[in-house]
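Here our numbering is used: the first residue of the sequence shown is 681, the next is one more, and so on.
Report on the structure given below.
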Amino acid sequence: MPQHRSAAKALRQSLKRRMRNKAIRSRVKTEVKKFLMALQTGTIEEAEKAFIKAQSMIQRAVSKGVLHHHTAARKISRLAAKLNAKKATAGNEA
Numbered sequence: 681m682p683q684h685r686s687a688a689k690a691l692r693q694s695l696k697r698r699m700r701n702k703a704i705r706s707r708v709k710t711e712v713k714k715f716l717m718a719l720q721t722g723t724i725e726e727a728e729k730a731f732i733k734a735q736s737m738i739q740r741a742v743s744k745g746v747l748h749h750h751t752a753a754r755k756i757s758r759l760a761a762k763l764n765a766k767k768a769t770a771g772n773e774a
């Protein structure tokens, strides 16, 4: 239990921030999972749409201060690499 009023306020603020950050992180993970599922089971067009949504959600997390911009760049780069690899294999099959 906080002993001072300022400590009590800091505790309330940190709990509020933690819940907000958790929700944003959860949404990022959900969009990434949707992209990976679309990549496995769906068409290239579906995967591209899911990639755009995932990328947008990751960038939004950066703007809110939940993710570092280098972390976001790494995640987006890895997703893009998977999408491009899928496109390359689809191009070879056709």
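Glycine is no exception: its CB is placed at the ideal position from the N, C-alpha and C atoms.
With distances taken Cα to Cα, identify the nearest neighbour of residue i among the options.
i: Glu-736; options: Thr-723, Gly-722, Phe-715, Leu-719; result: Contrary to the premise, residue 736 reads as Ser rather than Glu in this sequence. Of the listed residues, the one whose Cα sits closest to Ser-736 is Phe-715.
i: Ile-756; options: Phe-731, Met-699, Ala-688, Arg-697; result: Phe-731
Indicate the three-state DSSP secondary structure (helix, strand or coil) for residue i in the structure shown.
i: Lys-744; result: coil
i: Met-681; result: coil
Could you spell out the range, first to last residue, of the alpha helix (DSSP H) harbouring residue i?
i: Thr-710; result: 685-721
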